[in-house]
Amino acid sequence: QVHKVLSSKVKDRCRLVDVVKMKRAPETKLSIERAEAAVKPPLELYTYDINEEVVQAPEGHTIGRVMAGAEVTTEAILARGARFVFDVDQDIIAMQQGISVEFHSLWRKASRHYVNGIWSDAADIL
1 QVHKVLSSKV KDRCRLVDVV KMKRAPETKL SIERAEAAVK PPLELYTYDI
51 NEEVVQAPEG HTIGRVMAGA EVTTEAILAR GARFVFDVDQ DIIAMQQGIS
101 VEFHSLWRKA SRHYVNGIWS DAADIL
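For the sequence shown, this note's numbering begins at 1 and goes up steadily by one.
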């Protein structure tokens, strides 16, 4: 559910890794129509990739605190909300270095095939 409230820029950096279809547990035997209605909407599972290198915090920086760049203050970031943090926080930007837009584009194409059950095409893309 968190994915739905992210900014479009952050959503573009997330990867859909699976879709889970779940059924509600029936309390009694249901007719086919009622059983089909009991199926929950698919749950999409996402990941937010980070590079494998440990990002070193500069002197005096506390991990987990917003680290503004030279062009914006921490107060301005916090005032604009969590969506904006992903755009300008230097820790987050550093953790995403080396993860290309091309990789995300290929992944999205492959995941569409995967979710639709065309697994061989998904594997060929990646």
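For glycine and all other residues, C-beta sits at the position ideal for the given N, C-alpha and C.
Would you tell me roughly how many angstroms separate the C-alpha atoms of residue i and residue j, rounded to the nearest one?
{"i": "Cys-14", "j": "Leu-6", "result": "10 Å"}
{"i": "Ile-99", "j": "His-3", "result": "19 Å"}
{"i": "Lys-9", "j": "Leu-16", "result": "15 Å"}
{"i": "Asn-51", "j": "Glu-59", "result": "21 Å"}
{"i": "Gly-103", "j": "Tyr-48", "result": "What sits at residue 103 in the sequence shown is Phe, not Gly. Going by the C-alpha atoms only, they are around 13 Å apart."}
{"i": "Lys-109", "j": "Ala-76", "result": "36 Å"}
{"i": "Ser-120", "j": "His-61", "result": "46 Å"}
{"i": "Ala-57", "j": "Lys-11", "result": "25 Å"}
{"i": "Ile-92", "j": "Ile-118", "result": "34 Å"}
{"i": "Tyr-46", "j": "Arg-80", "result": "24 Å"}
{"i": "Ala-94", "j": "Val-101", "result": "15 Å"}
{"i": "Glu-53", "j": "Gln-1", "result": "29 Å"}
Can you round the beta-carbon distance between residue i and residue j to whole angstroms, since I take them to be within the 8 Å contact cut?
{"i": "Val-66", "j": "Asp-89", "result": "5 Å"}
{"i": "Val-44", "j": "Val-85", "result": "Checking the sequence shown, residue 44 turns out to be Glu, not Val. So it is not a contact: roughly 23 Å between Cβ atoms."}
{"i": "Pro-42", "j": "Lys-23", "result": "The pair is not a contact, with the Cβ atoms about 11 Å apart (cut-off 8 Å)."}
Between residue i and chain C, is any beta-carbon pair separated by less than 8 Å?
{"i": "His-61", "result": "Absent here is chain C; the protein component of the structure consists of one chain."}
Starting from the C-beta of residue i, find all residues in its chain whose C-beta is less than 8 Å away, skip the five residues before and the five after it, and write them out in chain order.
{"i": "Val-72", "result": "Val-88"}
{"i": "Ile-125", "result": "Leu-106, Lys-109, Ala-110 and His-113"}
{"i": "Gln-96", "result": "Arg-13, Asp-49, Ile-50 and Asn-51"}
{"i": "Lys-40", "result": "Lys-21, Met-22, Lys-23 and Arg-24"}
Less than 7 Å between C-beta atoms, sequence neighbours within five positions excluded: which residues of the same chain meet that for residue i?
{"i": "Leu-78", "result": "Val-66"}
According to DSSP, which residues form a beta bridge with residue i?
{"i": "Asp-18", "result": "Leu-45"}
Once the 5 residues before and after residue i are set aside, which same chain residues still bring their CB inside 6 Å of it?
{"i": "Ser-111", "result": "Leu-16"}
{"i": "Ala-122", "result": "Ala-110, His-113 and Tyr-114"}
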